[in-house]
Amino acid sequence: MSLTARFREAHVGGCVDAVLEHRADGTKLLRSTEALRWYPDRLTDSLEQWAAEAPDRTFVAMRAKSGGWRRISYAQMLQHVQAVGQALIARGLSAERPVAILSDNDLEHLTLALGAMWVGVPYVPVSPAYSLVSQDHAKLRHILGTVTPGLVFAASAAYGRAIQAVCGPEVEVVLTDGAIEGRAVTSFATLVATEPGPEGDAAHAAVGPDTIAKFLFTSGSTKQPKGVINTHRMLCANQQMLRQCLVFLAEEPPVLVDWLPWNHTFGGNHNIGIVLYNGGTLYIDEGKPTPKGIAETLRNLREISPTVYFNVPKGFEEIATAMDADEVLRARLFERCRAFMFAGAGLSQAVWDKLDAHGERATGERVRMITGLGMTETAPSCTFSVGTTARSGHIGLPVPGVEVKLVPDPVDPNGKTEIRFRGPNVMPGYWRAPEQTAEAFDEEGFYRTGDAVKFVDPDHPTRGLLFDGRTAEDFKLSTGTFVSVGPMRARIIAAGDPCVQDAVVTGINRDEIGLLIFPRHEECRTLAALPAGTPLPQVLHHPAVRAFFQALADRLWREGTGSANRPARLHLLAEPPSIDKGEVTDKGSINQRAVLLHRDALVTALYEGQASDPFVILPNRKASP
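For the sequence shown, numbering that gives the first Met the number 0 assigns the number 0 to the initial residue and increments by one for each residue that follows.
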């Protein structure tokens, strides 16, 4: 980083300092020096607040078919929410019979969610892929079987096949548009047209901090998804933690342009909460960080200037590339943005540097990148790195109100250190899963994350923590040699810059390690001088790209010191990591175990296949050290 780099002003706090306590058993406790301040009992209290203080301000907007924006103000949303709440409570819905939402992000989805929260009826946002992509609907069946909904909502009849396959006749179906053959359907407009009454008022008055707001299901990458109980206390406490760390959120109503799915905690808790808690405006982005979907995101960002912008690493990569030739996009994105944020791992330094360069070109300033660590079980945020020296992998220090417990490997003194959390943002448990709940907490009530961390500088612990992979992702080769996955992946990503997005290390119970490589499509395409839109398999087969990865394989083999860090084979993946399959975690990092599970056939082919496989790269072993 340039010593003369100038960053846009963004008032931060909360997690800039910490107190470290050493215990006799080798564990450490880390706490913010700033206490958590007051927060409301119910998240919907914020809706009431802003409906009174800024009734005409746009709360949420979404593109209409005409191309303009459909807007709902705070005052309008409060009216809709009270009506929907009355409709739900009149149907006898409760935690035992909650609302299930199958749809993508849209205005009706958000209205229904807030209406349910208003009267203390939990809702369950479900990945649309479980209805629209899955052929057996196994995960949808498991989720709805766990929560036993009394009402299921979907945007259209496209969800009809899944609903008919999974939901019995006792479950009411609500659609925004359309009908399902052979099934009675309630129009969403009917809910909104309900007259608020004393039943709804009484139910709202009974909602408190421990009332369940929603059930969010984990990805279920290696097991069936688990239903994480999210209370109002969790959501409100976490938003106050965010406000104390990202102070600028309260200084100007935040404006978000956001696509992150609401069935995940980052989009559904973190981002919606930021808008609602601080009286901001959410523009629902129907784009995605995919070759087909990115155009809509770019369209929206050319029109709406966010004050803070969130995305996954792939999204930032696509935007950074687009800004190379799009001055309007560059100017709009950097016009008033105070901060960017991505999850704790995965953003290449090349993309980070490109964003910095675009900021300096557009405004003469860089926009700081916020990083951190959080998860579905913690609503989500627990740590943040908010300074201007953060780099990929940095997760910073605890937010106010969260206690961090650092637990070293009890067997291996050189092993990984697990991070655990305790605070008002931590879940009370998994729904209808007492054994899994008990396993999730230690004897002091700290949530066991399974995430590993280490200090950026052990001699100066207040410089923050680094994400160090998963405690359970390391493995042994058939020879008994231990493979430390985290450092290996970091080495591969650095050596493969700019064409490697991430890597998964293979070799469990085998003689040698291999790599599944997630390439960066645009960087590889640029290297090959191929036109935009060229399919990834074609890009990966180009001689220039093959040469790049051959050189990488040779280098990794040559620089390796033994079987635990010398990859013997590489497979270039033409299919990106799947969020819905759990290959990308809520933290935005690659889930090693999930990738290995879902791509087991590729792993087998990697070891048993032929050198002629067009996606396999073998190193020149004559370059052995």
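Ideal Cβ placement from N, Cα and C applies to all residues, glycine included.
Which residues DSSP lists as bridging residue i, in chain order
i	result
A153	L174
E20	L28
W68	R62
E316	None; E316 has no bridge partner.
P407	T416
P197	Note: P197 sits in no beta bridge, so no partner.
K213	Y122, N229
V401	V401 is not bridged to any residue.
S186	L174
L281	V59, L255
P518	V499
Y308	F339
G513	T505
G266	Its beta-bridge partners do not exist; DSSP assigns none.
Distance CB(residue i)-CB(residue j) smaller than 9 Å
i	j	result
E194	Q85	yes
C244	P208	no
P224	P148	no
L259	P305	no
N262	F216	yes
S218	N590	yes
G463	I512	no
P124	A112	yes
L275	W117	no
R360	T387	no
I492	V484	no
F440	K404	no
A154	I162	no
F341	F383	no
F339	V307	yes
F631	L526	Residue coverage of the chain in this structure runs from 0 to 624, which leaves residue 631 outside it and unanswerable.
Residues of its chain near residue i, where Cβ-Cβ distance is below 7 Å and the 5 sequence neighbours each way are ignored
i	result
A156	L174, G177, A178, I179
A89	E198
V406	T26, T416, E417, R419
G12	E33, Q243, C244, V246
Residue i versus residue j - alpha carbon distance
i	j	result
R565	G506	11 Å
A344	R592	For A344, the predicted model reports a pLDDT of 49, less than 50, meaning its position is unreliable and no value from the coordinates is stated.
L515	V83	48 Å
S562	Y606	15 Å
V410	D473	14 Å
D355	G292	24 Å
L595	V503	8 Å
M76	N104	16 Å
R335	Q78	31 Å
L29	V398	10 Å
V18	T461	8 Å
K586	A451	Because K586 sits at a pLDDT of 49, beneath the cut-off of 50, its placement in the model cannot be relied upon, and the point is left open.
E417	P427	20 Å
P379	F265	7 Å
D496	H520	12 Å
A74	E52	10 Å
V59	W68	10 Å
T629	R524	Given a span of 0 to 624 for the chain in the structure shown, any question on residue 629 remains unanswerable.
E251	H10	11 Å
P624	T478	Here P624 scores only 47 on pLDDT, less than 50, and its place in the model is too uncertain to base an answer on.
S130	L101	7 Å
P542	A489	26 Å
A4	L396	24 Å
D40	S93	19 Å
G91	V151	14 Å
Own chain, CB closer than 6 Å to residue i, minus 5 neighbours either side, in chain order
i	result
V184	V172, L174, A178
N277	L248, A249, P253
F614	H570, L571
G159	I179
T362	F333
E285	E295
A552	L569, I616, P618
R242	L248, A249
Cβ neighbours of residue i in the same chain (closer than 8 Å, five flanking residues each side left out)
i	result
G400	S31, A34, L35, A236, Q239, M240, G422, P423, N424
L456	The displayed chain sequence assigns Asp, not Leu, to residue 456. For D456, where only same-chain residues beyond five positions count, the Cβ hits under 8 Å are R462.
Cβ of residue i within 9 Å of any chain C Cβ
i	result
G199	Of the protein chains in this structure there is only one, and it is not chain C.
Contact test: residue i Cβ vs the ligand FAD heavy atom, cutoff 8 Å
i	result
I318	This structure lacks the ligand FAD; in fact it carries no ligand of any kind.
| query | Hey, which unbroken runs of the beta strand (DSSP E) at 3 residues or more fall wholly within the region 417-504? | reply | The DSSP assignment places 446-454, 464-469 as complete runs of the beta strand (DSSP E) inside the region 417-504, in order along the chain (cut-off: 3 residues).
| task | Would you mind listing the beta strand (DSSP E) stretches within the region 97-140 that are 3+ residues and don't spill past its ends, in chain order? | result | Taking only runs of at least 3 residues, the beta strand (DSSP E) segments lying wholly in the region 97-140 are 98-100, 122-124.
| task | Please go through the region 593-620 and give each complete beta strand (DSSP E) segment of 3 or more residues, from N-terminal end onward. | result | Here no run is fully enclosed.
| request: Please go through the region 353-386 and give each complete beta strand (DSSP E) segment of 3 or more residues, from N-terminal end onward. | output: Residue ranges of uninterrupted beta strand (DSSP E) with 3 or more members, entirely inside the region 353-386 and ordered along the chain, are 367-373, 380-384.
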